[in-house]
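When the letters of the sequence shown are read in order and numbered with my numbering, they come out as residues 8 to 258. Okay, so here's the structure we're looking at.
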Amino acid sequence: MEPHNWTDIIAENRDVAPGGLWRPRDCLARHRVAIVVPYRDRESHLKVFLRHMHKFLQKQELDYGIYIIDEALPTRFNRAMLMNIGYAEASKQANYSCYIFHDVDLLPEDDRNIYNCPEQPRHMSAAIDKFSYKLPYYGIFGGVSAFKKEHFNLINGFSNKFFGWGGEDDDLYERTRFHKLKLTRYSMKIARYKMIKHNNEPLNRPNPKRMTLLYSGKKRFKTDGLNSLKYQRLDLQKRPLYTWVHVNITE
Numbered sequence: 008m009e010p011h012n013w014t015d016i017i018a019e020n021r022d023v024a025p026g027g028l029w030r031p032r033d034c035l036a037r038h039r040v041a042i043v044v045p046y047r048d049r050e051s052h053l054k055v056f057l058r059h060m061h062k063f064l065q066k067q068e069l070d071y072g073i074y075i076i077d078e079a080l081p082t083r084f085n086r087a088m089l090m091n092i093g094y095a096e097a098s099k100q101a102n103y104s105c106y107i108f109h110d111v112d113l114l115p116e117d118d119r120n121i122y123n124c125p126e127q128p129r130h131m132s133a134a135i136d137k138f139s140y141k142l143p144y145y146g147i148f149g150g151v152s153a154f155k156k157e158h159f160n161l162i163n164g165f166s167n168k169f170f171g172w173g174g175e176d177d178d179l180y181e182r183t184r185f186h187k188l189k190l191t192r193y194s195m196k197i198a199r200y201k202m203i204k205h206n207n208e209p210l211n212r213p214n215p216k217r218m219t220l221l222y223s224g225k226k227r228f229k230t231d232g233l234n235s236l237k238y239q240r241l242d243l244q245k246r247p248l249y250t251w252v253h254v255n256i257t258e
């Protein structure tokens with residue numbers, strides 16, 4: 008899947024306001040949604056993602072904004088903390104009721120996969136082509152997930168402890184269960200995603216402490232998350248197709 012150049016992608020999306028904001032002109036949107044994307048050094052993926060997602064979301068007549076949370080080098084990638092930062096920063100920009108946490112390499116295939124927040128948290132990306140459109144295991148909560156604002160606050164967001172690859176989505180599932188929330192999914196026919204191919208990243212290698220962190224997670228749910236989030240915002244720009252938030256975090 009070859010990315011287009013920025014000029015062409017912007018020209019295709021002239022109705023999108025600076026910051027990646029859009030709302031339907033002829034009706035009042037039922038849902039106001041923030042799309043939060045953890046990011047570092049994947050410009051080719053970002054082009055494909057934005058070109059696909061703006062068209063996809065507009066078909067659903069959502070009032071939405073796309074937030075790209077870019078982690079500065081050289082710290083190991085912390086997907087979960089970037090999600091928390093995206094939640095915090097998007098909340099400063101608008102009164103969103105729904106937050107969808109979205110990897111940049113996943114593209115929804117079915118328009119029936121509605122990007123809103125139901126009464127319980129939803130795992131959106133249940134069927135990914137990389138896994139032959141099958142669920143690897145029941146408790147998987149990675150890729151794309153949707154939370155109402157009150158539910159994300161209730162579980163204290165993601166853990167901030169998972170530097171490197173793996174574990175943070177399983178911890179999110181356990182937080183959801185601990186707070187008596189139910190994980191929901193669309194049918195496998197609807198929750199289909201294409202994964203954009205990419206190479207492994209040296210600063211996103213498997214986290215050797217992920218299993219230890221998972222086993223001790225319940226002890227930290229109340230103290231590790233939104234209420235312990237610390238970061239430095241280096242820059243915020245409302246670019247033509249997205250809001251770019253550049254942040255520095257420390258291990």
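Glycine included, every Cβ here is placed at the ideal spot set by N, Cα and C.
Which residues mark the beginning and the end of the beta strand (DSSP E) in which residue i is found?
i	result
A153	151-155
R199	199-202
T250	250-255
G224	Here G224 belongs to no beta strand (DSSP E); instead the alpha helix (DSSP H) covers 224-227.
D70	70-78
I107	105-109
With a cut-off of 8 Å on the beta carbons, I'd call residue i and residue j a contact; round off their distance for me.
i	j	result
T82	I256	6 Å
Y122	L69	6 Å
V44	H109	5 Å
Put residue i into one of helix, strand or coil per three-state DSSP.
i	result
V55	helix
Q100	helix
R47	coil
K245	strand
F159	helix
Q65	helix
L190	coil
R217	helix
Please classify residue i as buried or exposed, where buried requires at least 16 neighbouring CB atoms within 10 angstroms.
i	result
T183	buried
A198	buried
M218	exposed
T230	exposed
D33	exposed
F165	buried
M195	exposed
S223	exposed
Beta-carbon within less than 6 Å of residue i's beta-carbon, same chain only, minus the 5 sequence neighbours each way: which residues are those?
i	result
G27	G72, I73, L248, Y249, T250
L80	none
May I ask which residues mark the beginning and end of the alpha helix (DSSP H) holding residue i?
i	result
Y180	175-185
A18	13-19
By Cβ distance below 7 Å, which residues in the same chain neighbour residue i in space, the five residues on each side in sequence not counted?
i	result
Q127	L188, K189, T191
N120	M131, Y193, I197, A198
For chain D, is any of its Cβ atoms less than 8 Å away from the one on residue i?
i	result
Y74	You won't find chain D in this structure, because it holds only one protein chain.
In chain order, what residues of the same chain have a beta carbon less than 8 Å from the beta carbon of residue i, not counting five sequence neighbours either side?
i	result
D242	W251, V252, H253
N160	L233
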